[in-house]
Amino acid sequence: MASIDNFNFAGKKAIVRVDFNVPLNEDGTIADDTRIRGALPTLKKILDDGGALILMSHMGKPKGKVNEKLSLLQIRDAVAKALGRDVKFAPDCAKAKEAADNLKPGEVLLLENLRFYPEEEGKPVGIDKNDPAYEEAKKEMKERQKEFAKTLASYADVYVNDAFGTAHRKHASTAVIADYFDAQDKMLGFLMEKEVNAVDKILKDIKRPFTAIMGGSKVSTKIGIIENLMDKVDNLILCGGMTYTFAKAMGGNIGNSICEEDKLDLALDIMKKAKEKGVNLVLGSDCVAADRFANDADTQICSAMEIPEGWMGMDAGPDSIIQFRDAIKPSKTILWNGPAGVFEMEKFTTGSKAIADAIAEATADGAFSLVGGGDSVSCINKFGLADDVSYVSTGGGALLEAIEGKTLPGIAAIKQ
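Numbering (my numbering), first residue to last: 58 to 473.
1) Per DSSP, which one or two residues make a beta bridge with residue 237?
2) Roughly how many whole angstroms lie between the Cα atoms of residue 219 and residue 329?
3) What did DSSP end up calling residue 357 once you bin it into helix, strand or coil?
4) Less than 6 Å between C-beta atoms, sequence neighbours within five positions excluded: which residues of the same chain meet that for residue 279?
5) What is the DSSP secondary structure of residue 87, counted as helix, strand or coil?
6) Considering only the alpha carbon of each residue, which of 86, 131, 372, 161 lies closest to residue 315?
7) Measuring alpha carbon to alpha carbon, tell me which of 96, 115, 210, 284 ends up nearest residue 252.
8) For residue 178, I'd like the list of residues in its chain whose CB is within less than 7 Å of its CB, leaving aside the five on either flank, ordered along the chain.
9) Taking residue 264 as the reference, which of 449, 453, 424, 465 has the closest Cα?
10) Any idea which residues DSSP pairs residue 426 with across the strands?
11) Name the residue from 148, 438, 472 whose alpha carbon lies nearest to the alpha carbon of residue 132.
12) Could you tell me which of 254, 247, 214, 222 sits nearest to residue 235, measuring between CA atoms?
13) Check whether the segment 330-343 touches the segment 295-303, counting contact only when three or more Cβ pairs, one atom from each stretch, lie closer than 8 Å.
14) Taking only the alpha-carbon atoms, compute the straight-line gap between residue 417 and residue 365 and give it to the nearest angstrom.
15) Less than 6 Å between C-beta atoms, sequence neighbours within five positions excluded: which residues of the same chain meet that for residue 273?
16) Tell me which residues share the same chain as residue 194 and place their Cβ nearer than 7 Å to its Cβ, disregarding the 5 neighbours each side in the sequence.
17) Please give me, in chain order, every unbroken run of the alpha helix (DSSP H) with length at least 4 that falls completely inside the segment 138-186.
18) So who's on the other strand from residue 347, going by DSSP bridges?
19) Based on the DSSP secondary-structure assignment, which residues constitute the bridge partners of residue 330?
20) Can you tell which of 360, 255, 414 has its C-alpha closest to the C-alpha of residue 386?
21) Rounded to a whole number of angstroms, what is the C-alpha to C-alpha distance between residue 404 and residue 441?
22) Look at residue 108 and residue 154 and say whether their C-beta atoms are less than 8 Å apart.
23) Just the C-alpha distance for residue 110 and residue 426, rounded to the nearest angstrom, thanks.
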């Protein structure tokens, strides 16, 4: 595997897998250009060296069909502005050979949405998984995926993967394409390297105490991470909607709060494991309950174990916030994934804001803090604290799978 730091792109064409799956407003303008800005160090290095740049990305879920609302043409001007130079556009990512061949050093070509082709994801389209013909269709699609990846690879001399957000997918542009480049001609981009290093710090270079904060609504979506972290953390804070699954498992009354009824035994098992392993498991003791799911609802503070009928837990209460701060403040390694309440509603941001503030303070005291997962990133940005933590990950699902200890195909394809 080559290193982007030491590689000279002069006279080379580099095809770069970026994650330009940016949110768009109704009028097609970009709502948040964080992902475009995140890729700039890699893209500018290639151009400054005297290389030519071919950009490929997906946007949304067009499911293998052309959808103008998900065309990357909409973001061409924003990419051009960010790079400070013109950006050519190839309206068909699988028929861009001529445009790529004509690219001169310092020029940029943006390919159309990769997912307009079903071959990108490599899943059979229009056939049910239970259909007897599905396995044969799957095999055929895998062959087509290889051909699609080979076509993309033919546009360039060098392959760079800088899309951590899709590194957990074995797609044509994120993993399969790497097979068509020699080891010295494929590499991770700067953003990808930063993501990998941040995860390594959390999993392999732990300074103690290590505190993980897992929020969000469901225990089931976090179980893999919780189990992998149980042997590593000193403190495990479980907050957000999953609080009420644990409260009910312990015999509490949770009113109308969100609860995974089929995960009560799992909640008890997590509590048991934490005790066996000497992990300080922090579950919110109180909550802000509301009489309905609305920002203007009536609220009251009550025990998480004694929520009145017809009321629902919407945020961490004042005692819970003290518990969270006490665990976070002395920490030297911190991972935050998932909010403490319905932070999208202004009335229920207090718990998440308190966590963000405590992480920022601990970071200022020398802790390494990694914030990742869509809602946590939205939280930290909403509170204006992104610059006060060590690292904000661009990868949602990819980050979670990396923390679960899974091998990410997009990274493995380049390293092998």
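Glycine is no exception: its CB is placed at the ideal position from the N, C-alpha and C atoms. Predicted model only: the values in this text are computed from it and were never measured.
Taking the coordinates as given:
1) Residue 237 is not bridged to any residue.
2) Cα to Cα, residue 219 sits roughly 40 Å from residue 329.
3) Residue 357 falls in the strand class under three-state DSSP.
4) Take residue 279, set aside five residues on each side of it, and the residues of its chain with a beta-carbon closer than 6 Å to its own are 271, in chain order.
5) Here residue 87 sits in strand by DSSP.
6) Of 86, 131, 372, 161, the residue nearest in Cα terms is 372.
7) Closest option to residue 252, Cα to Cα, is 96.
8) Cβ neighbours of residue 178 beyond the five flanking positions: 172, 228.
9) That would be 424, whose Cα lies nearest to the Cα of residue 264.
10) Paired residues: 391.
11) It is 148 whose Cα lies nearest to the Cα of residue 132.
12) Ranked by how close their Cα comes to the Cα of residue 235, the residues 254, 247, 214, 222 have 214 in first place.
13) In short, these stretches touch, since the Cβ pair count reaches three.
14) Each residue's Cα considered, the two are about 35 Å apart.
15) Excluding the 5 residues flanking it on each side, residue 273 has same chain C-beta neighbours closer than 6 Å at 297, 395, in chain order.
16) Only 181, 184 meet the Cβ criterion.
17) The DSSP assignment places complete alpha helix (DSSP H) segments of no fewer than 4 residues inside the segment 138-186 at 154-158, 175-178, in order along the chain.
18) By DSSP's assignment, residue 347 forms a beta bridge with 356, 369.
19) BP columns for residue 330 are empty, so no partner.
20) Of 360, 255, 414, the residue nearest in Cα terms is 414.
21) Rounded to whole angstroms, residue 404 to residue 441 spans 18 Å at the Cα level.
22) No; because the gap between Cβ atoms is not below 8 Å, this pair is not in contact.
23) The C-alpha of residue 426 is placed about 33 Å away from the C-alpha of residue 110.
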